[in-house]
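Data first, discussion second: the structure below is written as structure tokens.
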Ligand SMILES: *[C@@H]1O[C@H](CO)[C@@H](O)[C@H](O)[C@H]1NC(C)=O
Ligand SMILES: *[C@@H]1O[C@H](CO)[C@@H](O)[C@H](O)[C@H]1NC(C)=O
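In full-length UniProt numbering, the protein residues as written are 1 to 315.
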């Protein structure tokens, strides 16, 4: 029994010692981590629409320094510039941003020029690891403005035509859609029963709608819509007419005939007014003189004389 008790006591002692050792180690680890400043964020790549508010979150996970130095820098292609320094908002965010404790930057009215990387830097002098930083990538989306649309007014049947749509303000870059008589044109006409025979190609990136050869059925009211993550806008519908070259040819032909007929009519009128009658009399005399001198074909002369009398009678 005594031996058994001795064994039990020994194992208990070892257990207690082990436990104490574990506790000490844990404490050491905790102590070491307390001596470091560690940052974290809710969202490393936030986005917002222009004129909205947004939050660049910079959370301090661990720190032991009571009054750390907090700075925000905006990093653009021209290099970093101060946004928050010496406990004040500076630069182009002045009056548009505030700091929410401990280090989060709140932008109250974002503009398109705020799209950039921002760096939150915290210096904690009393910590062993005394500095940490975190980079937030902000995107401010800009709604497209009304696109400039160009639609040809009339295109000859069978010829090519190009409709264009451009919008430069939107961010991210706008994508384009074309509508004919309020119906969206599919990217590929072959995918739709309605547009199956149309010869167009469509680019959502450039906004260009190209017809290789227009058909009568391609005539209609066209408009374009520019769209991105921030919203969409569209231009007013414009009419594209398709005319037949043959009809134009016919109309031209008819016009030419009419003009020619007019000329002839005017010519005849002038001729009548300015001496058709007197020249007729002259020819009559000319005929009469040789007719009398000839004397051979009397019947013919009499006929001519009859004709002359008839003419003058009619006139
Ligand atoms: C945001 O700024 C724009 C232009 O700077 C201004 O027109 C608009 O009224 C501002 N919006 C708010 C909510 O302050
Ligand atoms: C397309 O053309 C074919 C052959 O000319 C015709 O049979 C068909 O009806 C046309 N489809 C449409 C939608 O116009």
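Quick reminder that beta carbons are idealized off the backbone N, C-alpha and C, glycines included.
Nothing here was measured: the structure is a model prediction, and the numbers come from that model.
By Cβ distance, which residues of its chain are closer than 8 Å to residue i, with the 5 residues on each side in sequence left out?
i	result
residue 61	38, 39, 40
residue 8	none
residue 298	For residue 298, the pLDDT reaches just 46, beneath the cut-off of 50, and the residue's location in the model is therefore unreliable, leaving the point undetermined.
residue 269	none
residue 50	110, 111, 112, 140, 141, 142, 143, 230
residue 194	183
residue 95	89
residue 316	An answer regarding residue 316 cannot be provided, because it is not within the stretch 1 to 315 covered by the chain.
residue 108	53, 96, 97, 98
Across which residues does DSSP place residue i in a beta bridge pair?
i	result
residue 59	40
residue 179	184, 223
residue 116	138
residue 239	221
residue 74	81, 118
residue 163	209
residue 197	None; residue 197 has no bridge partner.
residue 88	85
residue 8	DSSP lists no partner for residue 8.
residue 132	122
residue 202	209
residue 54	107
Using 8 Å as the threshold, is the C-beta distance between residue i and residue j below it?
i	j	result
residue 110	residue 140	yes
residue 157	residue 92	no
residue 207	residue 143	no
residue 106	residue 116	no
residue 204	residue 175	yes
residue 85	residue 160	no
residue 64	residue 126	yes
residue 172	residue 229	yes
residue 177	residue 168	no
residue 46	residue 138	yes
residue 56	residue 118	yes
residue 165	residue 147	yes
residue 258	residue 155	no
residue 213	residue 192	no
residue 240	residue 220	yes
residue 196	residue 189	yes
residue 187	residue 202	yes
residue 81	residue 88	no
residue 35	residue 128	yes
Could you check where the beta strand (DSSP E) with residue i kicks off and where it finishes?
i	result
residue 98	97–100
residue 234	231–234
residue 104	104–107
residue 150	148–150
residue 145	Careful: residue 145 lies outside any beta strand (DSSP E) and carries neither H nor E.
residue 155	154–156
residue 111	That residue, residue 111, is in no beta strand (DSSP E); it is neither H nor E in DSSP.
residue 67	Premise fails: residue 67 is in no beta strand (DSSP E) and is neither H nor E.
residue 48	47–49
Who are the Cβ neighbours of residue i in its own chain at under 7 Å, not counting the five residues just before and after it?
i	result
residue 130	37, 123, 124
residue 293	With a pLDDT of 45 at residue 293, under the threshold of 50, the modelled position of this residue cannot be trusted, and the question is left open.
residue 236	223
residue 52	110
residue 290	Low per-residue confidence applies at residue 290: pLDDT is 48, beneath 50, and the placement is therefore not dependable enough to give any value.
residue 43	57
Leaving out five residues on either side along the sequence, give the residues of the same chain with a beta carbon under 6 Å from the beta carbon of residue i.
i	result
residue 234	223, 225
residue 18	none
residue 70	103, 122
residue 100	106
Using a C-beta cutoff of 8 Å, does residue i count as contacting chain B?
i	result
residue 60	Among the protein chains of the structure shown there is no chain B, as only one such chain exists.
Following a CB-centred definition, is residue i positioned closer than 7 Å to any heavy atom of ligand 3?
i	result
residue 158	In the structure on display, ligand 3 does not appear, and the ligands it does have are ligand 1 and ligand 2.
Item to check | Contact shell at 6 Å, judged by CB to any heavy atom of ligand 1, ordered along the chain | outcome: 51, 109
Checklist entry - Taking a cut-off of 7 Å, which residues have a beta-carbon closer than that to any heavy atom of ligand 2, in chain order? => result 193, 194, 196, 197, 217
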